[in-house]
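Participant: Chains as they are written, first to last, in this note's numbering: chain R, 1 to 285; chain D, 286 to 745. For every residue, glycine included, the Cβ atom is placed at its ideal position computed from N, Cα and C. Sharing a structure here in structure tokens format.
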């Protein structure tokens with residue numbers, strides 16, 4: 001709240017009224033006001049989203065990719081392993097209870113060939129990852145620009161910020177599916193729970209950017225729920241590859257990766273930038 | 286005036302575009318085509334994108350899907366999370382232990398509370414309690430400036446609701462604590478006691494919110510507002526199978542006709558009662574009541590198959606509300622507006638009655654000694670099957686329908702999400718306001734905001 005008063009918000013459709021077009025039916029040029037800073041959430045999936053992103057780039061001095069979808073494609077980029085025509089056939093013609101019809105095509109913007117992260121389409125000045133980004137880091141980044149500094153994000157992994165007990169290499173040989181709960185004493189803190197990877201539960205902590213617990217130093221949020229990390233902050237470093245990095249981490253810990261279920265979904269949060277493609281499926285098969 | 290007044294009366298046909306529709310949680314565009322005489326020929330609400338969850342969860346390990354579909358919605362991830370887990374439970378035949386069921390219900394109902402506060406005060410409220418003469422635009426920031434004490438209370442309530450979820454379940458947004466077979470962790474007595482204290486504060490706020498709304502908002506509901514976007518439809522919502530009381534997490538679905546008669550069905554039977562229609566101008570489909578056998582039409586004078594969901598629908602279909610304060614409010618509401626109540630603006634009133642119910646229900650759940658039971662999850666053995674998981678999300682009935690192969694991977698998924706049930710009614714309400722307020726080509730800023738107010742009532 002105190003931070004809000006130090007910014008003049010000029011455009012934010014979820015909370016403020018604003019229209020792209022003069023409603024009298026004049027110009028069809030998208031209107032977005034000028035600003036020092038523009039925050040864009042979401043990946044780029046269709047032509048209109050692309051036009052809005054390009055317009056914001058022109059109108060703003062700096063653009064931040066806000067959240068994991070904008071940064072790395074996020075969950076919607078999982079669609080990149082399928083063909084859009086197969087989605088449309090399923091959704092409009094074969095879904096249970098749907099009256100089969102041709103694909104809608106009037107007024108609505110056509111899809112691009114896949115889901116893109118924001119920086120594949122426009123220049124991005126800063127990435128604030130997270131699904132969702134933690135408010136501590138949003139505030140920190142905004143404060144830094146008020147002070148005229150460049151914003152920074154932590155560059156450590158979820159593992160680095162996790163208090164669970166690691167016994168290290170060789171303690172698990174196989175990865176089991178998360179169909180039974182982790183083993184722990186419910187009345188004891190996370191620091192007394194054995195690391196989930198050591199328990200043979202796949203956890204993306206080693207290859208995922210920390211930050212979900214904010215700046216108070218608490219355990220990562222999923223671990224707090226005694227559930228493994230699934231990677232929602234994206235890779236630790238911007239050019240990291242969560243699937244390659246986790247497979248390497250598992251192998252170097254002596255864990256057999258052959259029986260890992262649904263390997264492609266290890267990239268469920270970072271499938272843009274050409275990482276998840278239709279070819280992946282053929283390879284996996 | 287919240288928007289620039291748009292042009293003078295024009296003799297020629299033209300199109301008015303309202304985009305983006307603002308102070309809603311989703312994304313939409315309204316197109317209004319005027320005819321030669323300046324009257325409304327056609328008004329449409331276009332849903333401009335889709336992501337394809339139905340397709341890309343094919344091939345995923347079933348137990349992972351409840352942590353993926355949360356991203357369908359940043360406002361109601363808990364409801365998608367629960368509906369998905371229930372669908373997976375159905376696929377693998379998992380039985381959830383009593384404490385697991387209670388924790389699932391607790392988190393689901395808690396999530397309803399935060400959503401209703403957000404919608405009433407942050408999104409829709411500015412239409413009613415911001416002095417628009419002083420401000421160029423009504424929004425939560427102007428409420429904060431004009432009524433700082435109210436804003437402080439609202440922010441605190443919303444923050445506390447999110448923190449209650451986060452402290453116990455790790456994540457408030459995009460959770461993963463519900464798992465196939467139950468819940469990921471038991472609740473300690475200490476956690477229960479802390480949540481209980483917070484829940485009593487939430488309940489007090491809910492009572493304040495309803496009193497505040499009656500004095501400052503519902504008192505403005507004159508004939509003009511009661512007719513804003515008013516249409517006559519059926520209603521769909523969940524009820525308790527034993528007694529017909531309001532139910533958000535686990536129950537049967539009741540589909541009510543405009544005359545108040547109804548059918549009941551289980552989630553698995555949904556395709557017998559609900560079908561989806563495709564229009565060429567919207568990515569989202571339009572669910573309708575196939576069970577009525579009258580087809581689909583959004584014509585204002587002859588609607589076919591149209592029903593509504595969300596809070597107004599739920600309190601219309603329920604025979605009663607099983608908590609005392611909310612039940613008293615329901616009786617007052619029914620004495621004023623009958624059953625089923627049809628006026629679109631009454632969604633706001635129904636939302637705050639449900640807020641009261643949710644707060645009472647959370648207290649009740651936390652006072653159930655079984656909620657601190659240690660056995661919260663039964664082990665799940667992946668296998669072939671089909672499961673349909675239904676819950677009530679803030680915007681309406683969620684239906685997640687999955688099939689799995691013998692190793693427990695998803696082979697097929699169909700989803701009907703809350704807001705889509707209301708897409709046909711929203712289109713009709715927009716048409717109704719547009720036809721009432723746009724005449725002779727004259728389009729005022731006030732008329733355009735009133736069109737959006739009709740959309741906002743549905744909280745899409």
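#1: What does residue 98 of chain R reach in chain D if we use C-beta pairs closer than 9 Å?
#2: Which ranges does the beta strand (DSSP E) cover as unbroken runs of at least 3 residues, wholly within the segment 80 to 166 of chain R, from first to last along the chain?
#3: Quick one: Cα of residue 714 of chain D to Cα of residue 632 of chain D, how far?
#4: Would residue 105 of chain R pass as an interface residue toward chain D - the criterion being a Cβ-Cβ separation below 8 Å?
#5: Relative to the C-alpha of residue 720 of chain D, which residue among D:600, D:586 and D:495 is closest?
#6: Looking at the strands, I want to know which residues DSSP matches up with residue 531 of chain D.
#7: Quick one, which residues of the segment 254 to 284 of chain R are near chain D if we go by CB-CB under 7 Å, in chain order?
#8: Taking C-beta pairs closer than 7 Å, name the residues in chain D that residue 101 of chain R reaches, listed in chain order.
#9: Where do the ends of the alpha helix (DSSP H) carrying residue 568 of chain D lie?
#10: What residue ranges within the segment 554 to 597 of chain D form continuous alpha helix (DSSP H) runs of no fewer than 4 residues, ordered along the chain?
#11: For the segment 424 to 441 of chain D, which residues have a beta carbon sitting closer than 9 Å to at least one beta carbon of chain R?
#12: Between residue 461 of chain D and the rest of its own chain, which residues show a CB-CB distance below 8 Å, the 5 nearest in sequence each way excluded?
#13: Taking CB distances under 8 Å as the criterion, tell me whether residue 199 of chain R reaches chain D.
#14: Looking only at its own chain, which residues have a Cβ that is under 7 Å from the Cβ of residue 14 of chain R, when we skip the five neighbours before and after it?
#15: Along the chain, where does the beta strand (DSSP E) that runs through residue 480 of chain D open and close?
#16: Would you tell me roughly how many angstroms separate the C-alpha atoms of residue 110 of chain R and residue 638 of chain D, rounded to the nearest one?
#17: Specify the secondary structure class of residue 552 of chain D as computed by DSSP and reduced to three states.
#18: I need the DSSP call for residue 434 of chain D, collapsed to helix, strand or coil.
#19: Does the segment 210 to 228 of chain R touch the segment 439 to 449 of chain D, meaning 3 or more C-beta pairs lie closer than 8 Å?
#20: Taking the beta carbon of residue 645 of chain D as the centre, do at least 16 other beta carbons fall within 10 Å, making it buried, or is it exposed?
#21: Apart from the five residues just before and just after residue 171 of chain R, which ones in its own chain have a Cβ nearer than 7 Å to its Cβ?
#22: Does any CB atom of chain R fall closer than 8 Å to the CB of residue 459 of chain D?
#23: If you run the structure through DSSP and keep just helix, strand and coil, what is residue 31 of chain R?
#24: Run through DSSP, which three-state label would residue 714 of chain D get?
#25: Grouping DSSP H, G and I as helix and E and B as strand, with all else coil, what is residue 412 of chain D?
#26: Return the first residue and the last residue of the beta strand (DSSP E) that residue 536 of chain D is part of.
#27: Give me the chain D residues within the contact set of residue 75 of chain R, using Cβ-Cβ distance strictly less than 7 Å, ordered along the chain.
#28: Given this structure, state the Cα-to-Cα distance separating residue 473 of chain D from residue 452 of chain D, to the nearest angstrom.
#29: Output the boundary residues of the beta strand (DSSP E) element that contains residue 331 of chain D.
#30: For residue 190 of chain R, which of helix, strand or coil comes out of DSSP?
#31: Tell me whether residue 533 of chain D is buried or exposed, calling it buried when 16 or more other Cβ atoms sit within 10 Å of its Cβ.
#32: So residue 566 of chain D contacts chain R; which residues on that side make the cut at Cβ distance below 9 Å?
#33: Quick check: the segment 697 to 715 of chain D against the segment 587 to 597 of chain D, are at least 3 beta-carbon pairs closer than 8 Å?
#34: Considering only their Cβ atoms, is the gap separating residue 529 of chain D from residue 603 of chain D smaller than 8 Å?
#35: Taking buried to mean at least 16 other C-beta atoms within 10 Å of its own C-beta, is residue 9 of chain R buried or exposed?
#36: Could you name the residues of the same chain whose beta carbon sits closer than 7 Å to that of residue 122 of chain R, not counting the 5 residues immediately before and after it, in chain order?
Facilitator: Let's see:
#1: As a working note, residue 98 of chain R is residue 98 in the first chain. Taking a Cβ-Cβ cut-off of 9 Å, the neighbours of residue 98 of chain R in chain D comprise 560, 561, 562, 563, 570 and 699, given in sequence order.
#2: Whole beta strand (DSSP E) segments, 3+ residues: 111 to 116 and 126 to 128.
#3: Along the second chain, read from residue 1 onward, the residue named residue 714 of chain D stands at position 429. Along the second chain, read from residue 1 onward, the residue named residue 632 of chain D stands at position 347. Distance between the alpha carbons of residue 714 of chain D and residue 632 of chain D is about 13 Å.
#4: Residue mapping note: residue 105 of chain R aligns to position 105 of the first chain, counting from 1. For residue 105 of chain R, the answer is yes, since a Cβ of chain D falls inside 8 Å of its Cβ.
#5: Within the second chain, residue 720 of chain D is the residue found at index 435, counting from 1. If we check each option's Cα against that of residue 720 of chain D, D:586 comes out closest.
#6: Within the second chain, residue 531 of chain D is the residue found at index 246, counting from 1. DSSP output for residue 531 of chain D lists D:524 as bridge partner(s).
#7: Those would be 261, 262, 265 and 268, in chain order.
#8: Position 101 of the first chain holds residue 101 of chain R. Those within 7 Å of residue 101 of chain R in chain D are 563.
#9: In the second chain, counting from the first residue as 1, residue 568 of chain D sits at position 283. Unbroken run through residue 568 of chain D: none, as it is neither H nor E.
#10: Counting only runs of 4 or more, we get 555 to 558.
#11: Among the residues of the segment 424 to 441 of chain D, those with a Cβ less than 9 Å away from any Cβ of chain R are 424, 425, 426, 429, 436, 437 and 440, in the order of the chain.
#12: For the purposes of this step, residue 461 of chain D is taken as residue 176 along the second chain, with counting starting at 1. Within the same chain, and ignoring the five residues on either side of residue 461 of chain D in sequence, the residues whose Cβ sits closer than 8 Å to its Cβ are 351, 352, 355, 366, 455 and 469.
#13: Looking up residue 199 of chain R in the first chain gives position 199. Answer no: the Cβ-Cβ gap between residue 199 of chain R and chain D never drops below 8 Å.
#14: For the purposes of this step, residue 14 of chain R is taken as residue 14 along the first chain, with counting starting at 1. Taken in chain order, the list of residues that qualify is empty.
#15: Within the second chain, the letter at position 195 stands for residue 480 of chain D. Where residue 480 of chain D is concerned, there is no enclosing beta strand (DSSP E), although the alpha helix (DSSP H) it sits in stretches over 474 to 501.
#16: Here residue 110 of chain R is taken as the residue at index 110 of the first chain, counted from 1. Here residue 638 of chain D is taken as the residue at index 353 of the second chain, counted from 1. A straight-line Cα-Cα distance of about 41 Å links residue 110 of chain R and residue 638 of chain D.
#17: Position 267 of the second chain, counting from 1, holds the residue named residue 552 of chain D. The answer is helix: DSSP assigns residue 552 of chain D an H, G or I state.
#18: On the second chain, position 149 is the one that residue 434 of chain D refers to. Helix at residue 434 of chain D.
#19: Flag = no, the segment 439 to 449 of chain D and the segment 210 to 228 of chain R do not touch.
#20: Indexing the second chain from 1 puts residue 645 of chain D at position 360. The C-beta of residue 645 of chain D has 16 or more other C-beta atoms within 10 Å across all chains shown, which makes the residue buried.
#21: Looking up residue 171 of chain R in the first chain gives position 171. Taken in chain order, the residues that qualify are 198.
#22: Here residue 459 of chain D refers to the residue found at position 174 when the second chain is read from its first residue. Output row for residue 459 of chain D: interface = yes.
#23: Taking the first chain and counting its residues from 1, one reaches residue 31 of chain R at position 31. Residue 31 of chain R: coil per DSSP, three-state reduction.
#24: The count along the second chain starts at 1 and reaches residue 714 of chain D at position 429. In the structure shown, residue 714 of chain D falls within a helical segment according to DSSP collapsed to helix, strand and coil.
#25: Reading the second chain from its first residue, position 127 is the one you call residue 412 of chain D. Residue state for residue 412 of chain D is assigned as helix, using DSSP reduced to three classes.
#26: If you number the second chain from 1, residue 536 of chain D lands on position 251. For residue 536 of chain D, there is no enclosing beta strand (DSSP E), as DSSP gives it neither H nor E.
#27: On the first chain, residue 75 of chain R is found 75 positions in, with the first residue counted as 1. The answer, in chain order, is 353 and 356.
#28: Here residue 473 of chain D is taken as the residue at index 188 of the second chain, counted from 1. Here residue 452 of chain D is taken as the residue at index 167 of the second chain, counted from 1. Spanning the two alpha carbons is a distance of roughly 12 Å.
#29: As a working mapping, residue 331 of chain D is identified with position 46 in the second chain. Going by DSSP, residue 331 of chain D is part of the beta strand (DSSP E) stretching over 325 to 331.
#30: Walking along the first chain from the start, residue 190 of chain R turns up at place 190. When secondary structure is reduced to three states using DSSP, residue 190 of chain R falls in the helix class.
#31: Against the second chain, residue 533 of chain D aligns to sequence position 248. Of the residues assessed, residue 533 of chain D falls on the buried side of the cut-off, its CB having 16 or more other CB atoms within 10 angstroms.
#32: As a working mapping, residue 566 of chain D is identified with position 281 in the second chain. In chain order: 104, 105, 106, 107 and 108.
#33: Yes, the segment 587 to 597 of chain D is in contact with the segment 697 to 715 of chain D.
#34: Start at 1 with the first residue of the second chain, and residue 603 of chain D comes out as number 318. Start at 1 with the first residue of the second chain, and residue 529 of chain D comes out as number 244. In this structure, residue 529 of chain D lies closer than 8 Å to residue 603 of chain D by Cβ.
#35: Looking up residue 9 of chain R in the first chain gives position 9. Exposed is the call here.
#36: Position 122 of the first chain holds residue 122 of chain R. Excluding sequence neighbours, residue 122 of chain R sits near 53, 54, 57 and 63.
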